[in-house]
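Numbering (this note's numbering), first residue to last: 883 to 1267. By construction, the Cβ of each residue, glycine as well, lies at the ideal position given by its N, Cα and C atoms.
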Ligand SMILES: [Zn+2]
Ligand SMILES: [Zn+2]
């Protein structure tokens, strides 16, 4: 899979670009890539998608801040398009347009319960509804998070019953029109209160407002039309993900109702901390122990990084606690070539358990030192005098 390009790079702007500059860059890109303007360019549509996605994030100050902080993982739990198991990752395509099923249930669902009459029409009951999202967790090691890893996901999800093909009827028999309400899902009820006669409506009790009934329920799903089944898939976790990031596998959650689309699987990634490295954003922090001799005379040392050992020249006279930075040796931003830095602090180990001979040698050596050899100590005693 090709790495996703950095949004600033996509729009050809700097990280400090103003809103006006972002807008200007976007308009230029639209002119350059809009498929309507370039009908012969086969890549125009892909390019335009990339540009729209970048603009969507960078033109929104909140999303932009999150992107600056955490990269792609900060702006969309699915990290945008990527190759995955069946269905792949949802990416940005899944947002923006409302789901037709959700819109239907918004409109019709709100009709039920009005004024306490509890009228739900067959139409509302039978409107397409999106299936539920399934949440699950995976645990990966610190190094797997740095390098990327393929993991298997296993969930139990609702699927269309294979025996009745979702009808809920035995042997796949289709539901029949409810004889009590003739398919409307509604019953009229006449009530007398004092001298007055009220006509009210309520959901048909026989069919529960669906307008249809099942004569004989499918034994596999008890008439529900769905069964819960184990489902496994593999996802590719990109290098650079951080603890708590989530990954969305579109369309692999619970099946939809009445032809609504499936829900998604939302995978939360838990990263086990490392015993040696610490991570903050895309930067890595560690400590390296050196001897007092290496600190005094300088030396070429090997610094463990997430890529393996990096050689580094410690200058002579290095003090305990000094922090050095290895540029671009930190963690990748997911789907980007951007990398953080590796910061390591030097810990100078003072020799312990000296025998008499060693102590004498050290004392003799110490007596040979003058103020030029210990500027800090001199400064301190001058100040304290
Ligand atoms: Zn069934
Ligand atoms: Zn009915």
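Between residue 1016 and residue 1050, the beta carbon gap of about 22 Å keeps them out of contact (Cβ cut-off 8 Å). A residue is called buried when at least 16 other Cβ atoms come within 10 angstroms of its Cβ; residue 1136 meets this threshold and is buried. Closest by C-alpha distance to residue 1117, out of 1007, 1031 and 1068, is 1031.
Residue side-chain check: residue 1088 places its Cβ nearer than 7 Å to a non-hydrogen atom of ligand 2. Residue 1093 sits close to residue 1008, with the two beta carbons spaced by under 8 Å. In the DSSP assignment, no residue is bridged to residue 953.
Around the Cβ of residue 1236, a 10 Å sphere holds fewer than 16 other Cβ atoms; the residue is exposed. Residue 1105 has its Cβ no nearer than 7 Å to any heavy atom of ligand 2. In the three-state reduction of the DSSP assignment, residue 1032 falls in the strand class.
With a 10 Å radius around the Cβ and a threshold of 16 neighbouring Cβ atoms, residue 1262 comes out exposed. Residue 1258 carries a helical assignment under DSSP once its states are collapsed to helix, strand and coil. For residue 1235, DSSP assigns no beta-bridge partner whatsoever.
Here DSSP, grouped into helix, strand and coil, assigns residue 1178 to helix. In the DSSP assignment, residue 1200 is bridged to no other residue. Comparing alpha carbon positions, the residue from 1197, 1188, 1229 and 916 closest to residue 1211 is 1188. Ranked by Cα distance from residue 942, the options 930, 928, 905 and 914 are led by 905.
Comparing C-alpha distances from residue 1108 to each of 1204, 1205 and 1038 shows the shortest one belongs to 1038.
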